[in-house]
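What follows is a set of notes on a single structure, which appears directly below.
2 protein chains.
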Amino acid sequence: MSDKTKLSTESYKGVRDFYPEDLFIQNYIFNTWKEVVEKFGYVEYSASLLESAELYRAKSGEEIVNEQTYTFTDRGDREVTLRPEMTPTVARLVAAKENELAFPLRWYSIPNLFRYEKPQRGRLREHWQLNVDLFGVENRSADTEIITVGYEIMKKFGAKDTDFSIKINNRKIVNALYGKFGLNPENSNKASKVIDKKAKMSPDGFETALEELLNDKTKDFISLLESDEKLLEYIGIENPDVKDLVATIDELLSAGIENIVFDPTLMRGFDYYTGMVFEVFDLSPENNRSLFGGGRYDDLTSLFGEKKIPAVGFGEGDVTMKDFLETHELLPKYKPSTDLYICLLGDEFRSKGNEIAKKLREKGVNVAVDLSQKKLGEQIKIADRQKIPFIICVGENEINSGIYPLKNMLTGVESKIKIEEVSAIIRNHS
Amino acid sequence: MSDKTKLSTESYKGVRDFYPEDLFIQNYIFNTWKEVVEKFGYVEYSASLLESAELYRAKSGEEIVNEQTYTFTDRGDREVTLRPEMTPTVARLVAAKENELAFPLRWYSIPNLFRYEKPQRGRLREHWQLNVDLFGVENRSADTEIITVGYEIMKKFGAKDTDFSIKINNRKIVNALYGKFGLNPENSNKASKVIDKKAKMSPDGFETALEELLNDKTKDFISLLESDEKLLEYIGIENPDVKDLVATIDELLSAGIENIVFDPTLMRGFDYYTGMVFEVFDLSPENNRSLFGGGRYDDLTSLFGEKKIPAVGFGEGDVTMKDFLETHELLPKYKPSTDLYICLLGDEFRSKGNEIAKKLREKGVNVAVDLSQKKLGEQIKIADRQKIPFIICVGENEINSGIYPLKNMLTGVESKIKIEEVSAIIRNHS
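Residue numbers (my numbering), protein chains in the order written: chain G, 1 to 430; chain C, 1001 to 1430.
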């Protein structure tokens, strides 16, 4: 290698660089999430992305930790994992202070998560995920609220009810079905894994896979899975879990959430769900896939402490959400945080420019002063390329008269005004 | 190990968990940073914390990368580092688009950074750092602005001019001094390292360390370092770098920044600084140390591309800033994002409670509805322990009369009002 070898400007594989225009979109998504969840009384927490590998082994097993996570040994011989999901972390935090915290607890966070796999569309090695959790409520009022929050996020992004549907299921009902078909826990688990992959299988393949577990009862089993009503009747409409599911759906419907559907095949990957599970699906033909989901996990905190704290929550990824918003043309246009660019007709006017900037900043205007020392035309080009919406010029005439030309870069309209008037015009515009 | 072995609730060593009250402080620091830098026209960018190890080897060397960073090999045989600083990343981003970006470029970011060392007060394994950079301006106007931004951040946090001082130096002046004393580049570098540690050494130790490089010229050298005026005269007041330094200080003084001091012994650690360097110091006796700093690095982008893009910037860590704010009693009191807790006099009023919450949320109030199904007294305790400033009760009487008791939890004042009046009262309070 010669001395002239240059470093690569590429990012590490499977992660993203966020130039201001990219970060604008990410901040839009984050801020929309925050606004909605805070409206429902959720408060923000956070933690480091470095966690003990042990935290994931407990529920996910050795193999998954080694093959699907970034795990390495530190010099103190600790096995460290870059968190692949936030739920074990939040369960750890809640368990650590279970006696100090006042329940019910509404918490949210927007952590970055890591997975050690081949990058593909919508699945990067690093992504961010809104995590919303409600701890300490055993009854369905928490399930209803969590689904409502998910629904309101979609609405806040501008999605119409016809753009997405919310599927709901309950692990307990599925388990009751397994029980009635005589499946032991191990085979129940296998059946769940098969059902989870139903959408990706042919009807024949699905049947064959279930036959290994259910033998001659397979067809009956599938026909129950395919008819919500028959299934609920089969389990028994007086069964408390069936009653609960029906009541949850009724509550959501009467609150105006009409795109909710019971789907007994909805499984969701994680082992830790214990009751209600739900998932939001994009209904557009070209992007017909899962957007996000969650459910009830009442056992997770007991991994850490004596108390079993009921919990329900969901996780929503930024990459998936951005894809959805792009598909449905719901993304906002880039606008920098800077409102005004002050052009200088000579470096001798810089201190005056800084003085004006200082005054305007005190009135809440975000102001950049030109430092390029280039000609006016070049300065205007800089502001234009950076998409700054207003410019003003400072030179001898302006300083002497106290009248400055303020140009709206989007409309091209120029007004001759006093500095005191600038902030009001800019505020009216945005 | 028995089945009953519980997972630890402790975080990984040297990193922090952020419960809502902790994150409130971190968000306060981040939001203050953002507000000030955006006022000056800086726009936000970001990147992944995973970077190629090569990015740091180029400037820092093999040893530092292996011993002071988290570096590991991924399954694609790439050496990955958890970024220990942001400057190489931002230089990479700028170099990658050097032909598309419009300069001068004002950029900021608040990344988390990692160092593989023994945790101690103010130095954790993970911390966050505001990075503010101005690219594309060769002259001192950018130096002045960057220092001004640093100063305004301190003021925005509530610091008085007497709480801190800003030391300034210029690498070029120091290099001119080395040249006049006949030091070659290697010994110049060694001298810088000795001077950088001056504050931690005894006067004798300092002299002895310099004698190895300067022999009988040591005393002359030290006496120049200790008298700003003599040093500048010795280099020559017509020397362009001396003139530049004096002009920079004059510009800052006339803009009202009076706690600026020239300190020829100010070195700053990083090798990549090429001109002006500055550092902000806490002046309180019990916490008398460096708060943050930065300087000019005109060569860094040329590691990646053909162009050499002049740059000046600084980095400011969250842990150090929090220590400063604690010492000076400048931290705000915790206030959750939730404004109002709706207590329910029975679960049968939940749908009415949700209906009221929905109306208030539309008016911008952040509302949590009680789901505990506990007695009123218990519900009030929950709101109180979560420090939610207002509560309201919903029961049969309230629904029938349309008049609700709104209680201010801080003052104890209760008002009987209509729902339509709630948002105005809460807005007036905050």
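Virtual Cβ for every residue (Gly too), placed ideally from N, Cα, C.
| Query | Result |
| --- | --- |
| Span of the beta strand (DSSP E) around C:T1073 | Y1070 to T1073 |
| Residues within the segment 1038 to 1054 of chain C neighbouring chain G, beta-carbon criterion of under 9 Å | E1038, K1039, F1040, G1041, Y1042, V1043, E1044, Y1045, S1046, A1047, S1048, L1049, L1050, E1051, S1052 and E1054 |
| Near-chain G residues of the segment 1081 to 1095 of chain C - C-beta to any C-beta below 7 Å | R1092, L1093 and A1095 |
| Where C:H1127 falls, given that 16 or more other Cβ within 10 Å makes a residue buried | buried |
| Minimum Cβ-Cβ distance from G:K363 to chain C less than 8 Å | no |
| C-beta atoms of G:L225 and G:P185 nearer than 8 Å | no |
| Within 8 Å, strictly: CB atoms of C:K1034 and G:R361 | no |
| Reduced DSSP category for C:S1052 - H, G, I as helix; E, B as strand; rest coil | strand |
| Bridge partners - C:L1105, DSSP secondary structure assignment | C:F1135 |
| Proximity test, Cβ basis, 8 Å: G:L303 and chain D | The chain inventory of the structure shown lacks chain D, comprising the protein chains G and C. |
| Beta carbon proximity, G:D17 to chain C, threshold 8 Å | yes |
| Interface flag, G:F278 vs chain C, CB-CB below 8 Å | no |
| Buried or exposed (CB count within 10 angstroms, at least 16 for buried), G:I237 | exposed |
| Per-residue DSSP class, three states only, for G:Y234 | helix |
| Residue nearest to G:L300 in terms of C-alpha spacing, selected from G:N288, G:L291, G:G313 and G:V394 | G:G313 |
| G:I392, enclosing alpha helix (DSSP H) - first and last residue | Per DSSP, G:I392 belongs to no alpha helix (DSSP H); it is in the beta strand (DSSP E), F390 to V394. |
| C:Y1404 vs C:E1396 beta-carbon contact at 8 Å | no |
| Endpoints, beta strand (DSSP E) assigned at C:F1164 | F1164 to N1170 |
| Cβ neighbours of G:Y151 in the same chain (closer than 6 Å, five flanking residues each side left out) | I257 |
| Min CB distance C:N1066 to chain G below 8 Å | no |
| Residues of the segment 381 to 402 of chain G whose Cβ lies closer than 9 Å to any Cβ of chain C, in chain order | K381, I382, A383, D384, R385, Q386 and I388 |
| Nearest neighbour of C:N1139, chosen from C:G1295, C:Q1026, C:V1094 and C:E1054 [CA to CA] | C:G1295 |
| Whether C:F1135 touches C:L1093 by CB criterion (8 Å) | no |
| Amino acids of chain G, ordered along the chain, whose beta-carbon sits closer than 8 Å to that of C:K1006 | L303, F304 and G305 |
| Separation of C:N1066 from C:R1083, as counted between CA atoms | 13 Å |
| Residue-level contact to chain C via CB, G:R75, 8 Å cutoff | yes |
| Of the residues G:M409, G:G305 and G:P285, the one placed nearest G:Y341, counting alpha carbons only | G:M409 |
| Interfacial residues, the segment 1319 to 1330 of chain C to chain G, with Cβ spacing under 9 Å | none |
| Chain-order list of residues whose beta-carbon lies under 7 Å from that of G:T274 (same chain, five-residue window excluded) | R171, R296, Y297, D298 and D299 |
| Stretch-stretch touch, CB-based, cutoff 8 Å, three pairs: the segment 1159 to 1173 of chain C with the segment 1241 to 1260 of chain C | yes |
| G:H429, DSSP secondary structure in three states | helix |
| Ordered list of beta strand (DSSP E) runs contained in the segment 1182 to 1263 of chain C, each at least 3 residues | 1260 to 1262 |
| Close-in-space but distant-in-sequence residues of the same chain around G:D3 (CB under 8 Å, 5 per side omitted) | Bear in mind that a pLDDT of 46 at G:D3, under 50, signals an unreliable position, so the model cannot answer this. |
| Under 7 Å by beta carbon: chain G residues contacting C:F1072 | F72 |
| Chain-ordered chain C contacts of G:L23 [CB-CB under 9 Å] | V1043, E1044, Y1045, S1046 and S1109 |
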